[in-house]
Amino acid sequence: MHTRYHSSKLKIVTTFHRPKLDPSPSSYAQVNRVQRQDAEQLLEEYSKIIRWRNNGKENVLDIGCGPGDITIDFVLPRMSRPIGKLVGVDVSEKMIKYAKRLYECEDVHFQTLDIENGDIDLFLKDYPEGFDHITSFYCLQWVRDQKKGMKNIYNLLKPAGDCFFAYPVKHAVFEIYEELAKIPRWNTFMASNCDFFASFINQDNAADTIYKFLKLTGFRYYNVEMVDKRMTYTGLDNILGFITTINPIIPKINNNERTEYLKDFLKIAAELNVYREARNPSESEFATPYQLVVAYAVK
Ligand SMILES: C[S@@+](CC[C@H](N)C(=O)[O-])C[C@H]1O[C@@H](n2cnc3c(N)ncnc32)[C@H](O)[C@@H]1O
Numbered sequence: 054m055h056t057r058y059h060s061s062k063l064k065i066v067t068t069f070h071r072p073k074l075d076p077s078p079s080s081y082a083q084v085n086r087v088q089r090q091d092a093e094q095l096l097e098e099y100s101k102i103i104r105w106r107n108n109g110k111e112n113v114l115d116i117g118c119g120p121g122d123i124t125i126d127f128v129l130p131r132m133s134r135p136i137g138k139l140v141g142v143d144v145s146e147k148m149i150k151y152a153k154r155l156y157e158c159e160d161v162h163f164q165t166l167d168i169e170n171g172d173i174d175l176f177l178k179d180y181p182e183g184f185d186h187i188t189s190f191y192c193l194q195w196v197r198d199q200k201k202g203m204k205n206i207y208n209l210l211k212p213a214g215d216c217f218f219a220y221p222v223k224h225a226v227f228e229i230y231e232e233l234a235k236i237p238r239w240n241t242f243m244a245s246n247c248d249f250f251a252s253f254i255n256q257d258n259a260a261d262t263i264y265k266f267l268k269l270t271g272f273r274y275y276n277v278e279m280v281d282k283r284m285t286y287t288g289l290d291n292i293l294g295f296i297t298t299i300n301p302i303i304p305k306i307n308n309n310e311r312t313e314y315l316k317d318f319l320k321i322a323a324e325l326n327v328y329r330e331a332r333n334p335s336e337s338e339f340a341t342p343y344q345l346v347v348a349y350a351v352k
């Protein structure tokens, strides 16, 4: 189901810096099935809207590319030949090192860049013309200062360039984080989703707020939709892989705490009816609806 949102008043996001998530690239690449499905399906669906030129030589930037598989498997095939440059950027050096090793070639590059706090002018020295298209999947929820992130995206685009991004704004995981934050032991690591995510995450006004940020940034055309999805992970190993690789707390705690944290996580998940523990762990299931924000904007 798609819902369209329109603006009314703007919410200002305050910032302070916290370490970002930094999972192991190979572990992440083993559990990003849902992200891959969503990116592939959305790129297919929205490709009629994205202004891909059919005579090639376009520059495309994929923000928060992680291990680079989505950039290569789903973004690259959309570009008409001969391509200009395809550049994957990520704040994580580990991710970029991994993506470079697997996928870098003549016109496909991977570089570190923090879309929130990075030096965009310095980055653009390598790509002085800027980018015809920007894509981003499952990344921009981590940008706490959305005003700054959007402005940076705008500045990276050529005139009339467009951007297409999608990320989860409502998800059981965000609910679970809020509940874990009520437990004193975990509260010191994360007092609320706002410590790590954009302030509108898990809020009803998310699409409305993103719409206002796009408008405020100066995009000529912008559209924001909420898309309802459902995901299922079966088998305890897969569930734990999913929970741990995208978790902002896990890298901060030791192994003993980690076991306790995961127990608490799954207990809350069971209370929220999104986790069902089976006698045979390979049959346990984590299943939840979630909502993705899907936005398209033209400079
Ligand atoms: C969940 S992964 C998504 C990776 C890939 N796009 C996918 O959909 O599988 C989120 C990625 O965003 C990156 N990220 C988080 N904050 C970022 C920022 N401010 N600038 C650039 N990348 C960022 C993380 O390092 C991580 O690799």
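The sequence shown begins at 54 in my numbering and counts up by one.
Ideal placement from N, C-alpha and C gives every residue a C-beta, glycine not left out.
Endpoints, the alpha helix (DSSP H) within which residue i is located
i	result
Met148	146-156
Assigned exposure category for residue i - 16 Cβ within 10 Å defines buried
i	result
Thr188	buried
Gly214	buried
Arg197	buried
Ile102	exposed
Gln199	buried
His59	With a pLDDT of 32 at His59, under the threshold of 50, the predicted position of this residue should be treated as unreliable, though the coordinate-derived value follows. It counts as exposed.
Ser133	exposed
Lys150	exposed
Leu325	exposed
Thr312	exposed
Cys412	Absent from the structure is residue 412, since the part of the chain shown begins at 54 and ends at 352.
Lys138	buried
Thr124	buried
Ala225	buried
Gly119	buried
Gln383	Nothing about residue 383 can be reported from this structure: the residues present for the chain run from 54 to 352 only.
Leu175	exposed
Asn108	exposed
Residue i - containing beta strand (DSSP E), residue span
i	result
Thr285	274-287
Glu338	338-351
Leu193	Premise fails: Leu193 is in no beta strand (DSSP E) and is neither H nor E.
Gly141	139-143
For residue i, three-class secondary structure by DSSP
i	result
Pro181	coil
Asp248	helix
Ile236	coil
Arg329	strand
Gln164	strand
Glu169	coil
Tyr220	strand
Gly202	helix
Asp257	coil
Val226	helix
Thr262	helix
Thr241	coil
His59	Only weak support is given to the placement of His59: the predicted model assigns it a pLDDT of 32, under 50, and the value that follows is read from those uncertain coordinates. It is coil, neither helix nor strand.
Any non-hydrogen atom of ligand 2 within 7 Å of residue i CB
i	result
Cys192	Ligands in the displayed structure: ligand 1; ligand 2 is not one of them.
beta-carbon residue i near ligand 1 non-hydrogen atom, thresh 7 Å
i	result
His254	In the sequence on display, residue 254 carries Ile and not His. Every heavy atom of ligand 1 is 7 Å or more from the Cβ of Ile254, so no.
Ile303	no
Ile116	yes
Trp105	no
Ala92	yes
Tyr144	The question names Tyr, yet the displayed sequence has Val at residue 144. Answer for Val144: yes, Cβ within range of ligand 1.
Val113	no
Val280	no
Asn205	no
Gly119	yes
Gln88	yes
Asp167	yes
Ile299	yes
request  = Pick out the complete alpha helix (DSSP H) segments inside the stretch 288-314, 4 residues or longer, and give them in chain order.
outcome  = The qualifying runs are 289-298.
ask   = At which residue ranges does the stretch 66-137 contain complete beta strand (DSSP E) runs of 3 or more residues, listed in the order of the chain?
value = Counting whole runs of 3 or more residues, the stretch 66-137 contains the beta strand (DSSP E) stretches 113-116.
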